[in-house]
Amino acid sequence: MTRLLVLALLLAPAAVAQVQSPEAFLGYPLGERFTLHHRVVDYVEHVASASDRVELVPYGESVEGRPLLTLVVSAPDVDAESVRLSNLAATEGDGAPDKAIVWLSYNVHGNESVGTEASMQTLYMLATSSEAEAWLRDVVVVIDPCLNPDGRDRYVTGYMQRRGARPVADPIAREHTEAWPGGRSNHYLFDLNRDWAWGTQLETRARLALYNTWLPHVHVDFHEQGVNSPYFFAPAAEPFHARITDWQRTFQGLVGEGNAEVFDREGGLYFTREVFDLFYPGYGDTWPTFNGAIGMTYEQGGSGRAGLAIETAEGDTLRLSDRIRNHHATGLATVATTARNAERVRAEFASYFASPLSGATRAYAVRGTAGTLEALTELLDLQGIRYGWADGSQTVQGVRYGGGLASPSSVGQVTIEPGDLVVSLDQPKGLLADVLFEPAPALDDSLTYDVTAWALPYVYGLEGMALRADVGAGGASPLASPTMPANSRPYAYVARWESAGDARLLAQLLKAGVGVRIVSEPFTSNGERYDRGTLVITRAGNQRLGNRFDALVRETAQAAGRSLDAIESGFVEEGDDIGSNSVGFMRAPKVLVLSESPVSSGAMGEVWHTLDQTWDYPATFVRAEALNAAMLDDADVLVMPSGSYGSWLSESRVETLTDWVRAGGRLVALESAVTALARHDGFGLKTRRSADPDTSADARLQRYADQDRERATGSNPGSIYRVQLDNTHPLGFGYPEFTYTLKRGTTAVEFLDDGWNVGVIREGTPVSGFAGADTAERLTDTLVFGVSEIGRGEVVALVDGPLFRGFWHSGELVFANAVFGLAD
8 MTRLLVLALL LAPAAVAQVQ SPEAFLGYPL GERFTLHHRV VDYVEHVASA
58 SDRVELVPYG ESVEGRPLLT LVVSAPDVDA ESVRLSNLAA TEGDGAPDKA
108 IVWLSYNVHG NESVGTEASM QTLYMLATSS EAEAWLRDVV VVIDPCLNPD
158 GRDRYVTGYM QRRGARPVAD PIAREHTEAW PGGRSNHYLF DLNRDWAWGT
208 QLETRARLAL YNTWLPHVHV DFHEQGVNSP YFFAPAAEPF HARITDWQRT
258 FQGLVGEGNA EVFDREGGLY FTREVFDLFY PGYGDTWPTF NGAIGMTYEQ
308 GGSGRAGLAI ETAEGDTLRL SDRIRNHHAT GLATVATTAR NAERVRAEFA
358 SYFASPLSGA TRAYAVRGTA GTLEALTELL DLQGIRYGWA DGSQTVQGVR
408 YGGGLASPSS VGQVTIEPGD LVVSLDQPKG LLADVLFEPA PALDDSLTYD
458 VTAWALPYVY GLEGMALRAD VGAGGASPLA SPTMPANSRP YAYVARWESA
508 GDARLLAQLL KAGVGVRIVS EPFTSNGERY DRGTLVITRA GNQRLGNRFD
558 ALVRETAQAA GRSLDAIESG FVEEGDDIGS NSVGFMRAPK VLVLSESPVS
608 SGAMGEVWHT LDQTWDYPAT FVRAEALNAA MLDDADVLVM PSGSYGSWLS
658 ESRVETLTDW VRAGGRLVAL ESAVTALARH DGFGLKTRRS ADPDTSADAR
708 LQRYADQDRE RATGSNPGSI YRVQLDNTHP LGFGYPEFTY TLKRGTTAVE
758 FLDDGWNVGV IREGTPVSGF AGADTAERLT DTLVFGVSEI GRGEVVALVD
808 GPLFRGFWHS GELVFANAVF GLAD
């Protein structure tokens with residue numbers, strides 16, 4: 008084999024012969040050690056410079072400054088740029104692509120570390136082998152060797168620090184246990200594989216910008232799973248989203264057959280059609296699928312526990328080299344399968360975009376506040392979804408949803424008003440738009456891998472309409488650049504409190520040292536009505552800023568992208584005057600956030616990213632295990648992200664927390680932190696007990712094979728509920744008398760006996776998504792947002808994560824109300 012390879016390289020063209028193998032370039036065989044990201048970059052740059060088949064295309068940097076890049080591999084006489092342009096033309100209905108395009112994505116999860124190692128071997132073979140040269144006559148391959156370099160280097164350096172002179176395969180060895188937070192997530196501890204549809208993270212936004220200029224025909228997302236699991240490849244498991252086409256299903260089967268041939272020759276174990284479904288749109292298999300590709304997940308056994316070598320349950324040793332071999336084999340097999348079917352792949356891709364989208368819905372329309380619509384348009388722009396603005400009042404058949412409704416309406420007449428945002432499905436991204444806007448995605452199997460509802464009107468707190476006909480959308484945008492008052496020295500500045508973007512303005516004003524007043528009752532000034540929560544920035548109380556006051560307030564608002572109004576007198580036409588005691592004054596709170604074990608890394612990441620990136624507001628993150636009374640002395644707010652707080656909440660810590668709250672502190676607890684506090688007296692919280700188990704003969708005689716489905720009757724993988732809000736309470740400021748929450752699980756918190764039940768679920772049936780039949784009674788009349796007043800302080804309970812994955816936009820304002828003291 009070695010002699011044949013040497014002979015092949017000697018007879019190869021000069022450009023190919025100059026390409027070094029990963030082993031020759033790095034100085035060690037792949038699998039002997041992990042390769043740090045900067046060395047991966049060195050190697051792929053070498054291949055691109057030495058091979059006439061490979062072009063290096065950087066597309067950004069990670070949060071920590073590591074390069075994000077792709078390699079475009081094509082035959083030397085193929086102009087990859089022309090292929091890309093022909094492909095984009097095909098999405099507009101202009102012919103078929105020149106070549107089939109395969110995109111291979113590695114290491115979206117940093118501790119699934121084999122992907123990047125395998126990508127180098129796959130790149131080398133595509134750049135040098137004669138067999139690959141034949142494939143490249145029909146296929147252009149794009150390789151992203153590491154989608155998450157920050158997470159991967161965190162994992163690799165951690166593993167290198169834990170291991171000794173040689174790897175220890177014993178599973179109990181410390182090298183097989185990652186330290187908090189592990190390497191799976193990116194810098195801000197987000198799971199990038201759930202972010203494709205939302206683009207909350209820097210790495211995702213950079214990747215989507217490049218991906219949308221290609222829109223490949225086949226996309227493979229390489230992963231790892233448990234150490235003892237055989238290899239998984241397509242076809243995926245049910246449920247498939249209803250919008251996945253017959254061809255996409257068919258080609259998954261063809262790819263599966265090609266991969267199976269490789270494993271069958273070697274006697275390798277594998278499985279298909281289990282566990283990994285194609286429903287939730289945020290994954291690296293589903294999102295590409297909703298953009299016309301055949302999207303697939305491949306899963307190798309190993310993941311963060313495996314290291315360089317680990318003993319399996321069967322007594323074998325799973326080595327990094329084994330894992331590399333399998334990912335390398337399936338990557339090449341997928342390219343080969345695509346090459347064999349290239350003509351049909353190209354034709355089906357063109358047909359996908361040329362055919363009208365089936366179904367009754369032809370467009371969507373949404374309405375809401377300007378700030379919320381602006382946030383939605385940012386997502387649509389990122390995703391490449393085209394939209395317009397209604398150009399007049401129009402009445403069409405449609406379905407209303409969101410807007411406070413407990414469930415989507417029946418089909419009937421709906422009225423579109425000027426300024427409504429309109430998304431027609433007659434566009435290249437029409438199917439993706441339909442998936443993201445649909446009020447209740449059809450689910451044909453209750454056993455799902457992730458959340459089952461995500462409709463954008465619920466996410467953004469908008470009123471939505473699914474229209475049975477296109478409507479005129481050539482109107483002027485209601486969104487305008489931030490406006491400032493003409494008077495450069497008014498009595499006071501006023502900013503509305505009605506969308507998540509307003510929280511950034513408040514954060515920036517407070518960070519700049521500007522004192523802000525919050526109105527607790529609506530008032531009218533100059534004929535304008537301002538609702539509860541409105542920010543009033545008065546000269547009084549800010550005298551220390553002197554002549555800088557006006558410029559500082561205006562510049563801060565402009566930087567935050569928010570408008571300011573002016574009032575010329577503290578004497579208002581209706582409501583309480585600006586100097587009333589009912590108009591509270593706020594200075595910047597000192598915020599502490601618990602971090603590290605036992606805090607959930609993902610939950611902490613949601614809080615961290617919101618404070619650090621979205622609001623740019625300083626907070627002190629403290630090790631949970633180190634928390635003591637002295638740390639809390641100067642703190643105004645303590646945020647407890649979701650986590651496993653059972654043993655952490657010792658008797659002494661409970662006493663520390665309750666003493667601090669009574670003295671005036673504000674404890675903001677999210678998700679499982681709420682249920683942890685509810686187990687102890689002093690916080691005013693209690694959870695609802697589970698129903699007694701069914702002990703009837705029928706229940707006890709259930710079939711073993713039905714156990715998963717029986718459990719599903721009491722599950723809630725992720726569905727949307729209407730929340731009834733008391734918006735007269737400061738925790739509800741900025742909202743109408745309702746909002747929506749994404750509830751994951753069946754945890755139920757009882758109404759507060761001594762406190763304010765600000766947001767509650769009255770009806771246990773979700774407005775969208777799947778929840779088991781047994782969950783409705785459990786969730787009916789339960790708390791979502793509430794405040795227990797204890798002494799001079801309070802405990803703010805946010806039972807459902809208001810910042811879920813950074814995309815649940817409508818929850819951000821309630822979190823701001825809690826953190827910044829609007830809940831006083």
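The sequence shown maps to residues 8 to 831 in my numbering. Note that beta-carbon positions come from the ideal geometry of N, C-alpha and C, so glycine has one too. From a predicted model like this one, the values you see are computed outputs, not experimental measurements.
Distance between tyrosine 131 and alanine 462, taken at the CA atoms: about 42 Å. By the CB criterion at 7 Å, glycine 158 and glycine 122 fall outside the cutoff. In the DSSP secondary-structure assignment, phenylalanine 247 is bridged to Leu285. About 23 Å separates the Cβ atoms of leucine 75 and phenylalanine 297, ruling out a contact at the 8 Å cut-off. Serine 431 and asparagine 114 have their C-alpha atoms some 35 Å from each other. DSSP, reduced to helix, strand and coil, places phenylalanine 278 within a strand of the structure shown.
Contact between the stretch 181 to 195 and the stretch 131 to 149 is not established, with fewer than three Cβ pairs separated by less than 8 Å.
In terms of Cβ geometry, leucine 786 and valine 756 do not form a close pair [threshold 7 Å]. Under DSSP, lysine 750 shares a beta bridge with Ser726. Burial state of valine 521 is buried, judged by a 10 Å Cβ sphere holding 16 or more other Cβ atoms. Here alanine 125 carries a helix assignment [DSSP, helix/strand/coil].
In the DSSP annotation of this structure, tyrosine 371 is not part of any alpha helix (DSSP H); the continuous beta strand (DSSP E) holding it starts and ends at 370 to 374. According to the DSSP assignment, tyrosine 467 belongs to the alpha helix (DSSP H) that extends over 463 to 467. Cβ-Cβ distances below 6 Å link glutamate 71 to Asp157 and His194 in the same chain, with the five nearest sequence neighbours on each side left out; the list follows chain order. Annotated three-state conformation of serine 137 is helix, per DSSP. Between arginine 729 and alanine 413, the C-beta gap is smaller than 7 Å, which places the two residues in contact.
Bounds of the beta strand (DSSP E) holding glutamine 404 are 401 to 409. Contact annotation: the stretch 596 to 609 does not touch the stretch 528 to 541, with fewer than three C-beta pairs closer than 8 Å. Residue burial is scored here from C-beta neighbours: lysine 597 has fewer than 16 other C-beta atoms within 10 angstroms and is therefore classed as exposed.
Per DSSP, tyrosine 50 is not a residue of any beta strand (DSSP E); the alpha helix (DSSP H) it occupies stretches across 44 to 57. Scanning Leu383, Arg332 and Leu325 for the CA closest to the CA of leucine 486 turns up Leu383. For the options Asp84, Ala125 and Ala637, the alpha carbon positioned closest to that of leucine 664 is the one of Ala637.
Put simply, the backbone Cα of alanine 370 is about 13 Å away from that of proline 446. Rounded to the nearest whole angstrom, the C-alpha separation of glycine 275 and isoleucine 331 is 14 Å. Between leucine 111 and valine 227, the beta carbon gap of about 5 Å places them in contact (Cβ cut-off 8 Å).
Residues Gly411, Arg729, Val730, Gln731 and Leu732 of the same chain have their beta carbon placed closer than 7 Å to that of phenylalanine 745, with the five preceding and five following residues left out of the count.
Comparing alpha carbon positions, the residue from Thr42, Leu450, Val51 and Ser527 closest to methionine 167 is Thr42. Annotation: tryptophan 205 to proline 648 spans about 21 Å, alpha carbon to alpha carbon. Taking 7 Å as the cut-off, the beta carbon of serine 93 is found no closer than this to the beta carbon of aspartate 84. If you check the CB distance, phenylalanine 814 and threonine 376 do not come in under 7 Å.
For the options Ile392, Tyr305 and Ile150, the alpha carbon positioned closest to that of proline 237 is the one of Tyr305.
Cβ contact annotation for glutamate 318 (same chain, cutoff 7 Å, sequence separation greater than five): Ala176, Asp177, Pro178 and Thr324, in chain order. Residues of the same chain with a CB within less than 8 Å of the CB of aspartate 666, apart from the 5 flanking positions on each side, are Ala636 in chain order. Secondary structure at methionine 647: strand, using DSSP grouped into helix, strand and coil. Bridge pairing for isoleucine 544: Tyr500 [DSSP].
DSSP, reduced to helix, strand and coil, places isoleucine 574 within a strand of the structure shown.
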